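Residue numbers (the numbering used here): 1 to 480. Heads up, the beta-carbon is just placed ideally off N, CA and C, and yes, glycines get one too. Predicted model only: the values in this text are computed from it and were never measured. Structure first, then comments.
Structure, rendered in structure tokens:
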């Protein structure tokens, strides 16, 4: 079994195995003509169930053959231009190369003596990002597994900085379309069921600052503690960006921690055209960024950034076997001192490889392209009488609903849209997401692929309309 260990004696075997795997994936990518095969859970599950994990195949070629059957053939391919559903981006080749390197070397980023140069590369990228944001010379941060963890850590720091002896007094303010991880974090942090105060949004799905001011005043009047305001720079459903400068003013006025969830909108940090859309982010106390959403990185690649490095002490614990206190005095950089995680992948390497190959402008150009594509898609939807589009895009998301000319029952229209989404997914021709707006079912395009064209959007809209019309026709047949 030692022949499977990666070391100096198996380097050639490693080269052959990885090359075989890469060639198979490359061939699959080249031959993929739709984002999904449309296979159902019931059809795929038996293939997995019949595999006996206690009976190995003993040969990586045979394992790759099996993997083709149980995974590669039916995987959902985000690189396809008609994958239009969730916040999943196609990835850039330098980042994939970085993924291969970091997996093989397998550095752990918790301590210097497990990482060395990896520690310094991650710190350099944190500094680069905080400079792009404008957080100032005292800023710091750490890579995380994703936006949910970043938001949790930011709110943990906010809770500790609030210095309240009664967790029931703490309040977090976030828009009604903010990410669900805000409420999840409040629960994990031991806050009360009323801790998260939902602030209404305007027509453009941006937090209403007048309503925020009113709730902050009410909080103070009731003797409660305004722990944090979570502003969103790129909501999951709409890509909307809250009015950051106005929110910053209110946070300063009420002495409240300002967190900006820019998991989606962080691509604007590299934008050549639209950086001004997140003006005000530089006034935040903490910021979430997901490079694996709008920097075209493989999952996972995320970070939480803070204005004041000293606040990261709230996540610091020392263990003699890992990061004893004396290491701080010896100026040995242990990233575990800042992180909620201990063992942690060198995910920063992917972004490093990307920046050193493409540069920030290269990333920004790709993100600008998908933002412009969303504008084109909005114009198509606004001009098409078959659809109702909710809001002009701030980033690259479009929320819309098929509206049949001859049907007025909202519930029936809901069912037609739900059917169209499911039928489209089952066909494998395209994948779109769904959400609710005002209690009604809507469809959603999340456009993160620069290879997607306006013609793809138009074709998918026709497919959606066709499936919806088929459902309504069958519905009328059943009713007659």
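Grab me the residues of residue i's own chain with a C-beta within less than 6 Å of its C-beta, minus the 5 sequence neighbours each way, in chain order.
i	result
residue 57	63
residue 447	370, 373, 374 and 396
residue 339	142
residue 363	270 and 295
residue 37	74 and 428
residue 30	none
Return the CA-CA distance between residue i and residue j, expressed in angstroms with no decimal places.
i	j	result
residue 1	residue 12	16 Å
residue 452	residue 235	21 Å
residue 395	residue 138	30 Å
residue 172	residue 226	6 Å
residue 424	residue 449	19 Å
residue 434	residue 8	50 Å
residue 175	residue 370	25 Å
residue 166	residue 258	21 Å
residue 160	residue 311	9 Å
residue 357	residue 444	33 Å
residue 502	residue 409	This structure does not reach residue 502, given that the chain is present from 1 up to 480, and the question cannot be answered.
residue 499	residue 90	Past the edges of the chain, shown from 1 to 480, lies residue 499, and the structure says nothing about it.
residue 480	residue 442	At residue 480, the pLDDT of 49 sits below 50, so the modelled position is not reliable and the matter cannot be decided from this model.
residue 186	residue 149	12 Å
residue 400	residue 231	24 Å
Taking the CB atoms as reference points, tell me whether residue i and residue j lie closer together than 9 Å.
i	j	result
residue 256	residue 229	yes
residue 297	residue 95	yes
residue 179	residue 263	yes
residue 34	residue 69	no
residue 348	residue 78	no
residue 315	residue 283	no
residue 429	residue 81	no
residue 295	residue 251	no
residue 72	residue 28	yes
residue 24	residue 360	no
residue 472	residue 407	yes
residue 85	residue 432	yes
residue 414	residue 440	yes
residue 177	residue 240	yes
residue 299	residue 146	yes
residue 233	residue 281	yes
residue 140	residue 260	no
residue 290	residue 155	no
Which term fits residue i, buried or exposed, when burial requires 16 or more other beta carbons within 10 angstroms of its beta carbon?
i	result
residue 5	exposed
residue 242	buried
residue 329	exposed
residue 323	buried
residue 151	buried
residue 393	buried
residue 99	buried
residue 106	exposed
residue 390	buried
residue 321	exposed
residue 464	buried
residue 383	exposed
residue 15	exposed
residue 354	buried
residue 122	buried
residue 351	buried
residue 53	exposed
residue 124	exposed
residue 118	buried
Please report the residue range of the alpha helix (DSSP H) in which residue i lies.
i	result
residue 101	93–105
residue 129	117–133
residue 262	Counting along the chain, residue 262 falls outside any alpha helix (DSSP H), though it belongs to the beta strand (DSSP E) covering 257–262.
residue 492	The structure shown does not extend to residue 492, since the chain is modelled only from 1 to 480, so the question has no answer here.
residue 291	291–294
By Cβ distance, which residues of its chain are closer than 8 Å to residue i, with the 5 residues on each side in sequence left out?
i	result
residue 279	244 and 245
residue 197	171, 172, 173, 174, 215 and 219
residue 468	402, 404, 416, 417, 419 and 420
residue 203	391
residue 3	10 and 13
residue 377	393, 398, 445, 447, 454 and 457
Would you give the residue range spanned by the beta strand (DSSP E) that residue i belongs to?
i	result
residue 175	170–175
residue 141	140–144
residue 434	431–437
residue 446	440–446
residue 207	Where residue 207 is concerned, there is no enclosing beta strand (DSSP E), given that its DSSP letter is neither H nor E.
residue 226	225–232
Give every residue of the same chain whose Cβ lies closer than 7 Å to the Cβ of residue i, excluding the five residues on either side of it in the sequence, and list them in chain order.
i	result
residue 318	324 and 325
residue 168	192
residue 114	107 and 108
residue 206	240, 241, 242 and 243
residue 366	296 and 450
residue 337	316 and 323
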